[in-house]
Amino acid sequence: LREHLQSNSEVERARGGQVSVFADQDAGFVSNDNMHIIEMPHVEEVIAPIFYTVPLQLLAYHVALIKGTDVDQPRNLAKSVTVE
Numbered sequence: 001l002r003e004h005l006q007s008n009s010e011v012e013r014a015r016g017g018q019v020s021v022f023a024d025q026d027a028g029f030v031s032n033d034n035m036h037i038i039e040m041p042h043v044e045e046v047i048a049p050i051f052y053t054v055p056l057q058l059l060a061y062h063v064a065l066i067k068g069t070d071v072d073q074p075r076n077l078a079k080s081v082t083v084e
């Protein structure tokens, strides 16, 4: 997995992007020029998806605010109501 992530981060860097990785501190990732590692405390595998979801959602929210996106009215969202 680490090699695949490194390869993808190099492609993104070549395109001018920045890569940030949320990872367990025991995963052994090391920050370098093209990949910034945000270390999270080690948690049990069963709760890891919940534990990682909250900071990622907060990151997405704040990035959207910085970009000026209306987080309460996302584009391309269609309302669907079914009446029986």
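If you read the sequence shown in UniProt numbering, its first letter stands for residue 1, the second for the next number, and so on. Just so you know, even glycine gets a beta-carbon here, dropped at the ideal spot from N, CA and C.
Per DSSP, residue i is paired with what?
i: D24; result: M40
i: N32; result: M35
Using the Cα positions of residue i and residue j, report the straight-line distance between them to the nearest angstrom.
i: G16; j: V83; result: 48 Å
i: N34; j: D72; result: 32 Å
i: P49; j: E10; result: 26 Å
i: residue 85; j: A14; result: Nothing can be reported for residue 85, as the shown portion of the chain is limited to 1 through 84.
i: V54; j: H62; result: 12 Å
i: V21; j: G28; result: 12 Å
i: A78; j: K67; result: 22 Å
i: E44; j: Q57; result: 20 Å
i: H42; j: T69; result: 33 Å
i: V19; j: L5; result: 10 Å
So, helix, strand or coil for residue i, using DSSP?
i: I47; result: coil
i: A78; result: coil
i: Q18; result: coil
i: T53; result: helix
Am I right that residue i and residue j are in contact with their C-beta atoms under 8 Å? What's the rounded C-beta distance?
i: A23; j: E39; result: 6 Å
i: I37; j: V46; result: Wrong, their Cβ atoms sit about 23 Å apart, outside the cutoff.
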